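Heads up: the sequence shown runs through residues 411 to 640, numbered per this note's numbering.
Beta carbons are placed, not taken as given, at the ideal position from N, Cα and C, and that holds for glycine.
On a predicted model such as this, the values are computed, not experimentally measured, just so you know.
Here is the structure we will look at, set down as structure tokens.
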Amino acid sequence: IGRGWGQSAQHSKSLHSFFAHVPGLKVIMPTTPFDAKGLLASAIRDDNPVICLEHRWLYDIVDKVDVAPEALVPLGKPSVLQEGTDLTIVATSWMNIEALRAAEVVNKFHGKKVEVIDPRTIAPLDYKIIYESVNKTGQCIVADYDWVNCGFSAEVAARVSESCFNRLKSPVTRLGFSETPCPTTRPLENKFYPNTIDIVRQVESKLNLKPSDLSKEKFYSYENKFKGPF
Numbered sequence: 411i412g413r414g415w416g417q418s419a420q421h422s423k424s425l426h427s428f429f430a431h432v433p434g435l436k437v438i439m440p441t442t443p444f445d446a447k448g449l450l451a452s453a454i455r456d457d458n459p460v461i462c463l464e465h466r467w468l469y470d471i472v473d474k475v476d477v478a479p480e481a482l483v484p485l486g487k488p489s490v491l492q493e494g495t496d497l498t499i500v501a502t503s504w505m506n507i508e509a510l511r512a513a514e515v516v517n518k519f520h521g522k523k524v525e526v527i528d529p530r531t532i533a534p535l536d537y538k539i540i541y542e543s544v545n546k547t548g549q550c551i552v553a554d555y556d557w558v559n560c561g562f563s564a565e566v567a568a569r570v571s572e573s574c575f576n577r578l579k580s581p582v583t584r585l586g587f588s589e590t591p592c593p594t595t596r597p598l599e600n601k602f603y604p605n606t607i608d609i610v611r612q613v614e615s616k617l618n619l620k621p622s623d624l625s626k627e628k629f630y631s632y633e634n635k636f637k638g639p640f
């Protein structure tokens with residue numbers, strides 16, 4: 411999955427919510443190289459059908475991987491990518507890269523600590539770590555690489571609202587694709603996909619912070635380095 415300039419709706423779908431709706435089908439969505447290897451190894455050993463969805467921009471990430479056969483990442487267990495105390499972000503796939511950068515920016519400008527959680531597995535998912543985080547921070551944003559309507563972000567928001575209602579300081583916020591097929595032109599495509607700045611603005615809004623001046627901040631863009639068609 412993943413975006414690419416000029417490809418419109420043909421290669422821009424993100425169907426993890428669709429597959430997660432199928433009973434008995436397990437859905438994994440790794441972000442890091444370590445999790446990609448560990449989750450795939452666990453999927454091979456699992457007696458149930460498992461589908462793995464990977465964002466193509468993540469292939470540029472270089473990190474250490476434990477190649478030992480017994481080095482597994484259990485299916486269904488989220489990972490805390492960054493600890494924080496002021497707000498929880500639950501993000502999927504490439505949105506974790508955006509969320510981690512947003513957390514860095516928020517800490518730089520406001521001194522607030524954002525906790526970033528990667529579900530890693532879309533279905534089934536043990537929500538305990540997410541609940542514990544939201545009960546601690548009282549704030550939650552779900553940044554999903556998908557449409558928000560009837561998507562994974564809606565499921566997370568519903569479960570967090572049900573289980574952490576008395577600890578929430580504000581309603582759960584969802585970020586995802588715009589409610590339209592992916593456009594073709596670069597300016598419209600940039601509006602279609604949520605990014606680091608969108609997450610920063612949502613964090614600032616939820617925590618009642620003054621909007622920071624991001625004009626001098628540098629944000630990673632795969633498309634600035636990509637010179638040809640896929």
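Taking 9 Å as the cut-off, decide whether the C-beta atoms of Leu-425 and Ile-438 are in contact.
Within the sequence shown, the letter at position 15 stands for residue 425. Within the sequence shown, the letter at position 28 stands for residue 438. Taking 9 Å as the cut-off, the Cβ atoms of Leu-425 and Ile-438 do not count as close.
DSSP state of Ser-641, grouped into three classes?
This structure cannot speak to residue 641, because the chain is shown only from 411 to 640.
Selected residue, minimal CA-CA separation from Ser-489, among Gly-586, Tyr-555, Trp-467 and Phe-444:
Within the sequence shown, residue 489 is the residue found at index 79, counting from 1. Among Gly-586, Tyr-555, Trp-467 and Phe-444, the Cα nearest to that of Ser-489 is on Phe-444.
Where DSSP assigns a beta bridge to Thr-441, which residues make up the other side?
As a working mapping, residue 441 is identified with position 31 in the sequence shown. Answer is none; Thr-441 lacks a bridge partner.
Specify whether the segment 469-477 and the segment 490-503 touch according to this definition: at least 3 beta carbon pairs, one from each stretch, less than 8 Å apart.
By the criterion of at least three beta-carbon pairs nearer than 8 Å, the segment 469-477 is not in contact with the segment 490-503.
Consult DSSP for Glu-542 and reduce its assignment to one of helix, strand or coil.
Mapped onto the sequence shown, residue 542 falls at position 132. DSSP places Glu-542 in helix when its eight states are reduced to three.
Going by the beta-carbon positions, is the gap between Leu-619 and Lys-522 smaller than 9 Å?
Here the question's residue 619 lines up with position 209 in the sequence shown. Here the question's residue 522 lines up with position 112 in the sequence shown. Between Leu-619 and Lys-522, the gap from beta carbon to beta carbon is short of 9 Å.
Since I believe Phe-602 is in contact with Trp-557 (beta carbons under 8 Å), could you give me their beta-carbon distance rounded to a whole number of angstroms?
The residue you call residue 557 lines up with position 147 of the sequence shown. The residue you call residue 602 lines up with position 192 of the sequence shown. Contact flag wrong, Cβ pair sits at about 10 Å.
In the structure shown, what three-state DSSP assignment does Phe-629 receive?
Within the sequence shown, the letter at position 219 stands for residue 629. In the displayed model, Phe-629 falls within coil according to three-state DSSP, outside both helix and strand.
Pick out whichever of Asp-528, Ser-452, Glu-542 and Val-483 has its Cα sitting closest to the Cα of Ile-503.
As a working mapping, residue 503 is identified with position 93 in the sequence shown. The sequence shown places Ser at residue 503, rather than the Ile named in the question. Scanning Asp-528, Ser-452, Glu-542 and Val-483 for the CA closest to the CA of Ser-503 turns up Asp-528.
For Leu-485 versus Val-460, is the C-beta distance shorter than 9 Å?
Working through the sequence shown from its first residue, we reach residue 485 at position 75. Working through the sequence shown from its first residue, we reach residue 460 at position 50. Yes.
On the three-pair Cβ rule with 8 Å, is the segment 607-619 touching the segment 501-520?
Here the segment 607-619 makes contact with the segment 501-520; the two share three or more CB pairs at distances below 8 Å.
Ranges of the alpha helix (DSSP H) found wholly within the segment 450-491, counting only runs of at least 4
As far as the segment 450-491 is concerned, it has no whole alpha helix (DSSP H) run of at least 4 residues.
What did DSSP end up calling Asp-608 once you bin it into helix, strand or coil?
Indexing the sequence shown from 1 puts residue 608 at position 198. In the three-state reduction of the DSSP assignment, Asp-608 falls in the helix class.
Just to confirm my understanding: we take Arg-611, look at its own chain, exclude 5 residues before and 5 after, and list those with CB closer than 8 Å. What are they?
In the sequence shown, counting from the first residue as 1, residue 611 sits at position 201. Here the set comprises Pro-621.
What residue does the beta strand (DSSP E) around Val-570 start on, and which one ends it?
Here residue 570 corresponds to residue number 160 of the sequence shown, with the count starting at 1. Note, Val-570: premise wrong, no beta strand (DSSP E); alpha helix (DSSP H) at 562-573.
I'd like to know if the segment 535-547 and the segment 570-581 are in contact, where contact means that at least 3 CB-CB pairs between them fall below 8 Å.
Yes: at least three Cβ pairs fall under 8 Å.
Does the separation of the CB atoms of Phe-562 and Ala-430 fall below 9 Å?
The sequence position of residue 562 within the sequence shown is 152, counting from 1. The sequence position of residue 430 within the sequence shown is 20, counting from 1. Against a cut-off of 9 Å, the Cβ pair of Ala-430 and Phe-562 comes out as a contact.
Cutting at 8 Å between CB atoms, please list the residues of its own chain near Asp-473, excluding the five before and the five after it.
As a first step, residue 473 must be located in the sequence shown, where it is residue number 63. Short of 8 Å from the beta carbon of Asp-473, and not among the five residues preceding or following it, lie these beta carbons of its own chain, in chain order: Thr-442, Pro-443 and Phe-444.
The alpha helix (DSSP H) spanning Glu-599 covers which residue range?
As a working note, residue 599 is residue 189 in the sequence shown. Where Glu-599 is concerned, the enclosing alpha helix (DSSP H) stretches over 596-602.
Measuring CA to CA, which of Val-516, Asn-576, Glu-480 and Asn-458 is closest to Glu-627?
Residue mapping note: residue 627 aligns to position 217 of the sequence shown, counting from 1. Per the Cα distances, Val-516.
Exposure of Leu-435, with buried meaning 16 or more beta-carbon neighbours within 10 Å:
Working through the sequence shown from its first residue, we reach residue 435 at position 25. The residue is exposed, with fewer than 16 neighbouring Cβ atoms inside 10 Å.
When the Cα atoms are used, what is the spatial distance from Val-475 to Glu-565?
On the sequence shown, residue 475 is found 65 positions in, with the first residue counted as 1. On the sequence shown, residue 565 is found 155 positions in, with the first residue counted as 1. Cα to Cα, the separation comes out at about 31 Å.
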